[in-house]
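**Student:** Quick note on numbering: the sequence shown equals residues 1 to 189 in the UniProt record's numbering.
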Amino acid sequence: MGQVWREWGDVLLATLVAVPVTVLLVALLARVRAAPTRREAWRRSAVEVGMVAGTLPWVWMILTPRAAPGEVKLVPLRDLVDLVAAGPPATVVVQVVGNLLVFAALGFLAPVRSAALAGVGRLFLLGAAASALVECAQYALDLGRVTSVDDVLLNATGAALAGLLSRRWWAGRRPVPARPAAVPATPRV
């Protein structure tokens, strides 16, 4: 537990301090927001702030530099197999569960906010895109971290699974596909 606090204590403390700030931000945003109803303004504000507040601490952790050489692992599932084979079970659980939680708030709340994201496949792709951006940033910033395709797969899976947990709030909100415009018939001569 001491190592967790040394490595992530700043992030955990900032997250705790941010909770009342987050609640205040939701209230302020709901107050100034133009929405059809007051309830809708509160719902939209809570969802939008929740997506950011629930994702930002995880991204901060991922982008924290380490005193180690950076690595790139592009073979799918190889990193996970190596971790399971060599790592202690507790480390495996922390790595897998941690990666599943990175974009869980985004996956849980995004389809509640936008009908265009209502679907497990869409949430997986959203999680994969966000995760790929973070992994590329790790590599580009040379943070001494492992840039791994397995992290992208786990992050995306976490977003999709979290979306399933909020399904009752978005299942009926799937967007209706746009119909193509009617093409006028050309008269025959």
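Ideal placement from N, C-alpha and C gives every residue a C-beta, glycine not left out.
Just so we're clear, the structure is a prediction, and the values are computed from it rather than from any experiment.
Excluding five sequence neighbours on each side, which residues of the same chain lie with their C-beta closer than 6 Å to the C-beta of A104?
**Tutor:** Cβ within range, chain order: G158 and A162.
**Student:** Please name the residue, chosen from A128, W58 and L101, that lies closest to G9 on a Cα-to-Cα basis.
**Tutor:** W58
**Student:** In angstroms with no decimal places, state the Cα-to-Cα distance between residue 191 and A110.
**Tutor:** This structure does not reach residue 191, given that the chain is present from 1 up to 189, and the question cannot be answered.
**Student:** Between A128 and the rest of its own chain, which residues show a CB-CB distance below 7 Å, the 5 nearest in sequence each way excluded?
**Tutor:** V152 and A156
**Student:** Pull up the DSSP beta-bridge partners for E40, would you.
**Tutor:** Paired residues: none, contrary to the question.
**Student:** Determine the burial state of R38: buried for a count of at least 16 other Cβ atoms within 10 Å of its Cβ, exposed for fewer.
**Tutor:** exposed
**Student:** Under 6 Å Cβ to Cβ from A132, same chain only, skipping five residues before and after it: list those, please.
**Tutor:** V152
**Student:** If you reduce the DSSP assignment to three classes, tell me which class S45 lands in.
**Tutor:** helix
**Student:** What's the C-alpha gap between A137 and S45?
**Tutor:** 28 Å
**Student:** Whole-angstrom Cβ separation of E40 and V146, contact assumed at under 8 Å?
**Tutor:** Not confirmed; about 42 Å, so no contact.
**Student:** Less than 8 Å separating the beta-carbons of S148 and D82?
**Tutor:** Cβ distance not < 8 Å, so S148 and D82 don't count as in contact.
**Student:** Is the distance from the Cβ of L106 to the Cβ of M51 below 8 Å?
**Tutor:** yes
**Student:** On the DSSP bridge assignment, give the partners of E71 in chain order.
**Tutor:** V146
**Student:** Can you give me the start and stop residues for the alpha helix (DSSP H) that A90 sits inside?
**Tutor:** P89 to L101
**Student:** Thinking C-alpha only, which one of A171, L77, Y139 and P88 is nearest A115?
**Tutor:** A171
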